[in-house]
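Protein chains in written order, with our numbering: chain A, 175 to 341; chain B, 809 to 943.
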Amino acid sequence: MSAAARRHSTLRRRDALHAHSMHFGPNMTPMVDVVMVILIFFMASAAFLGSEWFLRAAIPFEAGRGTNPARPNDPTALPPIKLELLLDIDEAGRTVVTFTPLVRAPVEQFFARIAEFKNDRSAGDIEVIIRPSVRVPYADVVRVHAACDDAGIYKLGIGVSRPATTP
Amino acid sequence: MCLIIFFLIVGKLSSDRGLAVRLPGAIRGVDESSPAVMIVTVAQLAGAPAAIADLSTGWKAFGVTVQADGEAMPDGKALESAVRGRLSLAPALSIQIRADRDLPFGAVEPVLRSCGQAGAKSVRFAAEREQGAPR
Numbered sequence: 175m176s177a178a179a180r181r182h183s184t185l186r187r188r189d190a191l192h193a194h195s196m197h198f199g200p201n202m203t204p205m206v207d208v209v210m211v212i213l214i215f216f217m218a219s220a221a222f223l224g225s226e227w228f229l230r231a232a233i234p235f236e237a238g239r240g241t242n243p244a245r246p247n248d249p250t251a252l253p254p255i256k257l258e259l260l261l262d263i264d265e266a267g268r269t270v271v272t273f274t275p276l277v278r279a280p281v282e283q284f285f286a287r288i289a290e291f292k293n294d295r296s297a298g299d300i301e302v303i304i305r306p307s308v309r310v311p312y313a314d315v316v317r318v319h320a321a322c323d324d325a326g327i328y329k330l331g332i333g334v335s336r337p338a339t340t341p
Numbered sequence: 809m810c811l812i813i814f815f816l817i818v819g820k821l822s823s824d825r826g827l828a829v830r831l832p833g834a835i836r837g838v839d840e841s842s843p844a845v846m847i848v849t850v851a852q853l854a855g856a857p858a859a860i861a862d863l864s865t866g867w868k869a870f871g872v873t874v875q876a877d878g879e880a881m882p883d884g885k886a887l888e889s890a891v892r893g894r895l896s897l898a899p900a901l902s903i904q905i906r907a908d909r910d911l912p913f914g915a916v917e918p919v920l921r922s923c924g925q926a927g928a929k930s931v932r933f934a935a936e937r938e939q940g941a942p943r
């Protein structure tokens, strides 16, 4: 490189305006900004919505629902099979389940029992009312509910007593 | 502009969902599909273990605080009237119960009772997908 060319390269303008004037093509900066915002939005949405789902539970009539006790009644329909699932706490503070034929059995034993319904096509016709006592952890109520749902028992209700302690 | 919209949406989402609670896990569930949703949040009061109250005049006796669509409910009657009002506008309303996993059922039961007395036929318990659960 000649001395003149070297001097020319060292004295070259390096400010932003010069760099901008030398730039050809679309400006990527706003596009990257917007794409980043959209990306963060979708990540936040996924964190909000993606990791949860819902378990539907009917509120049985004895909870005092509504004012009209009339219920749909088909005289030709077979009466539904209604089963009660009682949840309680034992002396050690563990949740126990009473569900035919189990009597105050640990929750794990109940999971094995309810899994037998998976191959039973009539499981969809069974109505199960879950009746937890007040000291049962709410998390166990949801686990038991989900296990019933997983076994194909969709007609699930949650037993709500009607004492005079409503706050 | 995008940032404003972003913060508006996230702010609306967070206010609707009310207090942050740790949801219980579930191996099975369904996604929400109802167009009308009411979110009822049951959270444990800070520093107060949830108690099973015999007689009380508010949620505090149960050691919980309750919000409906981000609005604090002082007692069961207020929640009942809020649910009844929403049900009259949208009979197919889906009521989502977002309760803390550490609560006893006795702290959630009065909320269910208020919903039932307001005319709700069913509720939906919000739960976290457990590891290995089908998508």
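C-beta atoms are modelled at their ideal positions from N, C-alpha and C, and glycine is treated no differently.
Task: Proximal chain A residues relative to S930(B), where beta-carbon distance stays under 7 Å - done: R230, A231, A232 and I233
Open item on the list: Less than 7 Å between C-beta atoms, sequence neighbours within five positions excluded: which residues of the same chain meet that for C322(A)?
Closed with: I288, V302 and L330
Task: 7 Å Cβ cutoff, R278(A) in contact with chain B - done: no
- [ ] Identify each residue in the region 912-923 of chain B for which the Cβ-Cβ distance to at least one residue of chain C is less than 7 Å, and report them in chain order.
- [x] Checking the listed chains, one finds no chain C in this structure; the protein chains it contains are A and B.
Open item on the list: For the alpha helix (DSSP H) containing R906(B), name the first residue and the last one.
Closed with: Unbroken run through R906(B) is the beta strand (DSSP E), S902 to A907; no alpha helix (DSSP H).
Open item on the list: Between the alpha carbons of M205(A) and A851(B), how many angstroms are there, rounded?
Closed with: 41 Å
Open item on the list: My output table needs one value for I263(A): the three-state DSSP class, helix, strand or coil.
Closed with: strand
Open item on the list: Does K929(B) come out as helix, strand or coil in the three-state DSSP assignment?
Closed with: coil
Open item on the list: I'd like to know whether the C-beta atoms of F913(B) and P306(A) end up nearer to each other than 7 Å.
Closed with: yes
Task: 7 Å Cβ cutoff met for E936(B) and L831(B) - done: yes
Open item on the list: Using a Cβ-Cβ distance cut-off of 7 Å, determine whether G238(A) contacts chain B.
Closed with: Confidence at G238(A) is low in this model, with a pLDDT of 45, below 50, so the placement of that residue should be treated as unreliable; the coordinate-derived value is given next. It does: the Cβ of G238(A) has a partner Cβ on chain B nearer than 7 Å.
Open item on the list: Could you check whether the region 903-910 of chain B touches the region 877-884 of chain B, counting it as contact only if at least three pairs of C-beta atoms, one from each stretch, sit closer than 8 Å?
Closed with: no
- [ ] Please name the residue or residues paired with T203(A) in a DSSP beta bridge.
- [x] Bridge partners of T203(A): none, in fact.
Task: CB contact check: V891(B) to chain A, cutoff 7 Å - done: no
- [ ] Take A946(B) as the anchor and find which of L816(B), P843(B), T849(B) and V838(B) has the nearest alpha-carbon.
- [x] Nothing about residue 946(B) can be read from this structure; chain B reaches only from 809 to 943.
TODO: For P899(B), collect the residues of the same chain with a Cβ closer than 6 Å to its Cβ; drop the 5 residues on either side in sequence, then sort them by chain order.
DONE: none
Task: Neighbouring residues, chain A, relative to A907(B) (Cβ below 8 Å) - done: Y312
Task: Proximity winner among L895(B), E888(B) and S902(B), relative to R921(B) (alpha-carbon distances) - done: E888(B)
Task: Spatial neighbours of A320(A) in its chain, beta-carbon cut-off 8 Å, leaving aside the 5 residues before and after - done: L229
TODO: Take A834(B) and list the residues in its own chain whose beta-carbon comes closer than 6 Å to its own, dropping the five residues that flank it on each side.
DONE: A935
- [ ] Find the nearest neighbour of M881(B) within the set W867(B), R892(B) and G837(B), judged by alpha-carbon distance.
- [x] W867(B)
Open item on the list: If the cut-off is 8 Å on Cβ atoms, which residues from the region 826-846 of chain B count as contacting chain A, listed in chain order?
Closed with: L831, P832, G833, A834, I835, R836, G837, V838, D839 and E840
Open item on the list: Give me the chain B residues within the contact set of V308(A), using Cβ-Cβ distance strictly less than 7 Å, ordered along the chain.
Closed with: I860, P912, F913, G914 and E917
Open item on the list: Mapping the DSSP letters down to three states, classify R937(B) as helix, strand or coil.
Closed with: strand
TODO: On a CA-only basis, which of I847(B), A890(B) and L911(B) is nearest G871(B)? Give me that one, please.
DONE: L911(B)
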